[in-house]
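Numbering (the numbering used here), first residue to last: 46 to 236.
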């Protein structure tokens, strides 16, 4: 986790509006760029290069409007760069929306760093860093009359259904999620 923290800190400190390349060859999108793309395109209009699974890195303003921006950029990345089936994309986008929402609502830093990558092993990993150490939250089902409080419960259910895993860094500042690009084969039952 220390390497991830150093890497994400380097991205945050090197981030400048208009920057599009990271030191390790990933694509970096500043918050201003993300907002401009989201305002002028639909998910079907965004095409990312398929042959190279370039990480998608975004430094987001800590505002709820950035959640929509993440959804609009992650969906085509998962579909076109990772070749994830559409039904899985929908579930992953829901999970990421919930995790980014939590990072925005519970963070105290002015920005949230989002990094999605597919290291070539058939999985996608996402890290969402709000630079705010905190107690690690647990999924809970909110009362029926509550308008909030179901996010992590939704994350847990979707990630299990996708055959993935998720959690937080030891200090609670980074939420992470790993899911297979394609449905994993179900284990055969023993007679």
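All C-beta atoms, glycine included, are put in the ideal place defined by N, C-alpha and C.
Under a Cβ-count criterion, where at least 16 other Cβ atoms within 10 Å of its own Cβ denotes burial, should residue i be classed as buried or exposed?
| i | result |
| --- | --- |
| residue 176 | buried |
| residue 205 | exposed |
| residue 132 | exposed |
| residue 92 | Residue confidence is low: residue 92 scores 46 on pLDDT, short of 50, so the model does not pin down where it sits. No coordinate-derived value is stated. |
| residue 123 | buried |
| residue 162 | buried |
| residue 90 | Reliability of the predicted coordinates at residue 90 is poor, the pLDDT of 49 falling under 50, and the value obtained from them is presented with this limitation in mind. Label assigned to residue 90: exposed. |
| residue 179 | exposed |
| residue 109 | exposed |
| residue 63 | Caution applies to residue 63, whose pLDDT of 38 falls short of 50 and renders its modelled position unreliable; the model cannot decide the point. |
Hey, residue i and residue j are a contact pair by Cβ (cut 8 Å); roughly how many whole angstroms apart?
| i | j | result |
| --- | --- | --- |
| residue 21 | residue 199 | In the structure as shown, the chain begins at 46 and stops at 236. Residue 21 is therefore absent and cannot be evaluated. |
| residue 170 | residue 223 | 5 Å |
| residue 104 | residue 156 | 5 Å |
| residue 130 | residue 227 | 7 Å |
| residue 221 | residue 209 | Not a contact, Cβ separation roughly 10 Å. |
| residue 201 | residue 225 | That belief does not hold up - the Cβ atoms of residue 201 and residue 225 are roughly 17 Å apart, past 8 Å. |
| residue 148 | residue 181 | The pair is not a contact, with the Cβ atoms about 13 Å apart (cut-off 8 Å). |
Would you list the residues sitting across from residue i in a DSSP beta bridge?
| i | result |
| --- | --- |
| residue 170 | 162, 223 |
| residue 156 | 106 |
| residue 202 | None; residue 202 has no bridge partner. |
| residue 122 | According to DSSP, which records beta bridges pairwise, residue 122 is partnered with nothing at all. |
| residue 212 | 221 |
Whose C-beta lies closer than 8 Å to the C-beta of residue i among residues of the same chain, with five residues either side of it excluded?
| i | result |
| --- | --- |
| residue 51 | Here residue 51 scores only 47 on pLDDT, less than 50, and its place in the model should not be relied on; the value that follows carries that caveat. Nothing meets the Cβ criterion. |
| residue 154 | 107, 175, 176, 177 |
Kindly list the residues whose CB is nearer than 6 Å to the CB of residue i, restricted to its own chain and excluding five residues on each side of it in sequence; keep chain order.
| i | result |
| --- | --- |
| residue 112 | 142, 145, 146 |
| residue 230 | none |
CB-CB under 7 Å to residue i, same chain, minus the five flanking residues each way: which ones, in chain order?
| i | result |
| --- | --- |
| residue 203 | 136, 139, 140 |
Open item on the list: Any contact between the region 211 to 218 and the region 110 to 119? By contact I mean 3 or more CB pairs, one from each, below 8 Å.
Closed with: no
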